[in-house]
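These protein sequence lines are chains A and B, in that order.
Under UniProt numbering, think of the first position of the first sequence as 1, with each following residue one higher.
Under UniProt numbering, think of the first position of the second sequence as 1, with each following residue one higher.
For each residue, glycine too, the CB sits at the ideal point set by N, CA and C.
2 protein chains.
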Amino acid sequence: MTDAKPLRADARRNRDALIAKARELFAGGCFNLRFDDFAKLAGVGTGTLYRHFPTREALAEAVYREEITAMCDRARELRATLPADEALEAFLRGFVDHLYSHEGLARTLATLMATRSGALAEGGQALHQAVADLLADARTGTVRDDVGAGAVMVALHGICAAYDHPTHRADADGVVTLLLAGLRRPAT
Amino acid sequence: MTDAKPLRADARRNRDALIAKARELFAGGCFNLRFDDFAKLAGVGTGTLYRHFPTREALAEAVYREEITAMCDRARELRATLPADEALEAFLRGFVDHLYSHEGLARTLATLMATRSGALAEGGQALHQAVADLLADARTGTVRDDVGAGAVMVALHGICAAYDHPTHRADADGVVTLLLAGLRRPAT
DNA sequence: GAAAATATGGAGACAATCTCCACTTGTCAA
DNA sequence: TTGACAAGTGGAGATTGTCTCCATATTTTC
């Protein structure tokens, strides 16, 4: 999986230009640009764009890899510094916040998590793992152990997918509230 | 909104043929068929197809209107016959079951609920209302009142959107479990 | 049964995606 | 250096899917 490919100098330059331009456009709220036009904007040929990023999602994933990695790092950090229960809560609350400070991230995550054919895309995979770890820790605390990370991911998926809704922010916070309350081990 | 339009005889015939063929194809797991080809399969011209159903979603909504209506009716029925808390639980559990007995419904609901531009499509709207009603009733019982129907809808949205996942069934049930547990009024 | 209203179908305009390959650029060994 | 080979490029055009338009056909109405 960890690819050791010594990309040629010009190739790397083009790739970086592509990502930089994409980041710029995403930040400006531009998502439905023609793929070909986008290549032109970045100053490379269509073929080059397609060679580096076969699909729109691949490009988005590259652009947001940092954000996703940041989220995963944050999960690790929270796990290391807070009691397990609090770490989980902080992560989920922070997840929604993060969505709002990075236009386009929600859209990317939604597609990453939706990845058909079983295997999650790399980013989605990593996120799933982060949630699973948080959950595993919290199970030593007050969190129930009969519900898996997949369930939480489905809910997060919903949050990402519904991003454009007018009442989204309130609803997203509501879901997180429900998740956190629901995850508490029920009195036996 | 409630349109009283006396459709011409042949028009109605074509419309029905279109819906019937779509239902048949959806049942067979066919979703990504070319829209034009689909018209041919149903034995009508492309123009006719587009006049009746301007978008793929419009067609899907027509095909699944019955299912969606059935779900809403079921909500009403449950509200009438069960204690509010149980009605809510039965509805959410049944929602997942229903998804599994009607191939394609999840996909349709996901797009209906995702509807951009604020206003939900008719079907999504109806479903939202059904959930809101169930929730309103249940608030007289053990359900908290600080989280709205929108939050539940977002979670359901996630369930629909993640339909193709290999572990989906378990995850979907997990989310419902979390929602139900989370909705219980927290001890003060 | 003729005029008016309504609906049809499918050719073709349009739009977006993606492939292919003749050519350019970079790398590296001698 | 330089030559030769590998790696990468760009963009014309093939391909595929969407949607419009309107001459023609069918239904309804009077």
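Who are the neighbours of residue i on chain A, taking C-beta pairs under 7 Å?
i: G174(B); result: V147, G148, G150, A151
i: A80(B); result: Ordered by position in chain A, no residue passes the 7 Å Cβ test against A80(B), which lies about 26 Å from the chain.
Taking residue i as part of the alpha helix (DSSP H), name the residues at either end of that continuous run.
i: G158(B); result: 149-161
i: D10(B); result: 9-27
i: A114(B); result: 105-114
i: L82(B); result: Run containing L82(B): none; DSSP gives neither H nor E here.
i: D36(B); result: 35-42
i: G45(A); result: Where G45(A) is concerned, there is no enclosing alpha helix (DSSP H), given that its DSSP letter is neither H nor E.
i: D133(B); result: 122-138
When the Cα atoms are used, what is the spatial distance from residue i to residue j?
i: M1(A); j: A84(A); result: Confidence is the limiting factor: at M1(A) the pLDDT is only 48, short of 50, which leaves the residue's position unreliable, though a coordinate-based value still follows. Taking the straight line from one Cα to the other gives about 30 Å.
i: A22(A); j: L99(A); result: 18 Å
i: L156(A); j: A187(B); result: 26 Å
i: R79(B); j: D36(A); result: 53 Å
i: D73(B); j: A130(B); result: 9 Å
i: D145(B); j: M113(A); result: 31 Å
i: V175(A); j: T81(A); result: 25 Å
i: A90(A); j: H102(A); result: 18 Å
i: L180(B); j: G28(B); result: 33 Å
i: Q125(A); j: L134(A); result: 14 Å
i: I19(A); j: M71(B); result: 45 Å
i: L59(B); j: F53(B); result: 5 Å
i: T108(B); j: T55(B); result: 12 Å
i: R93(A); j: V143(A); result: 16 Å
i: N14(A); j: V44(A); result: 7 Å
i: P166(A); j: G148(B); result: 14 Å
i: E61(A); j: R76(B); result: 43 Å
i: A87(B); j: C30(B); result: 34 Å
i: L49(A); j: H128(A); result: 29 Å
i: R8(B); j: A110(B); result: 32 Å
i: D173(B); j: V154(A); result: 10 Å
i: D97(A); j: A106(A); result: 11 Å
i: V152(B); j: D171(A); result: 8 Å
i: R169(B); j: P6(B); result: 43 Å
i: E24(A); j: T140(B); result: 50 Å
i: L41(A); j: F26(A); result: 13 Å
i: A136(B); j: R184(B); result: 13 Å
i: residue 201(B); j: R51(A); result: This structure cannot settle anything about residue 201(B), because the visible part of chain B is limited to 1 through 188.
i: A39(A); j: G47(A); result: 9 Å
i: G104(B); j: A17(B); result: 19 Å
i: R12(B); j: V63(B); result: 15 Å
Applying a beta-carbon distance threshold of less than 9 Å, which residues of chain B neighbour residue i?
i: G94(A); result: What G94(A) touches in chain B: nothing, since even the nearest Cβ is about 18 Å away.
i: I159(A); result: V154, A155, H157, G158
i: A9(A); result: Those do not exist, as A9(A) stays about 40 Å from chain B at its closest Cβ, beyond 9 Å.
i: A70(A); result: Neighbours of A70(A) on chain B: none; closest Cβ ~23 Å, over 9 Å.
i: A27(A); result: Near A27(A) there are no residues of chain B at all, since even the closest Cβ is about 20 Å away, more than 9 Å.
Using a cut-off of 7 Å between C-beta atoms, extract the partners of residue i located in chain B.
i: P186(A); result: A181
i: T167(A); result: G150
i: A17(A); result: What A17(A) touches in chain B: nothing, since even the nearest Cβ is about 31 Å away.
Per the DSSP calculation, residue i is bridged to which residue(s)?
i: V143(A); result: R184(A)
Which residues of chain A have a Cβ atom closer than 8 Å to the Cβ of residue i, listed in chain order?
i: D171(B); result: G148, G150, A151, M153, V154
i: A75(B); result: Going along chain A, no residue has its Cβ under 8 Å from A75(B), so there is no contact; the nearest lies around 19 Å.
i: A106(B); result: Result: empty, since nearest Cβ-Cβ is about 12 Å, beyond 8 Å.
Could you tell me which chain B residues have their CB closer than 8 Å to the CB of residue i, listed as they occur along the chain?
i: T177(A); result: D146, V147, A151, G182
i: A87(A); result: In chain order: nothing, as chain B lies at least about 18 Å away.
i: A90(A); result: What A90(A) touches in chain B: nothing, since even the nearest Cβ is about 18 Å away.
Identify the contact partners of residue i in chain A, using a Cβ-Cβ distance below 9 Å as the criterion.
i: A22(B); result: Chain A residues near A22(B): none, gap ~22 Å exceeds 9 Å.
i: A84(B); result: Result: empty, since nearest Cβ-Cβ is about 17 Å, beyond 9 Å.
**Study point:** Residues of the stretch 33-66 of chain A with Cβ closer than 7 Å to any Cβ of chain B, in chain order
**Key:** Near chain B, meaning a CB-to-CB distance below 7 Å, no residue of the stretch 33-66 of chain A qualifies.
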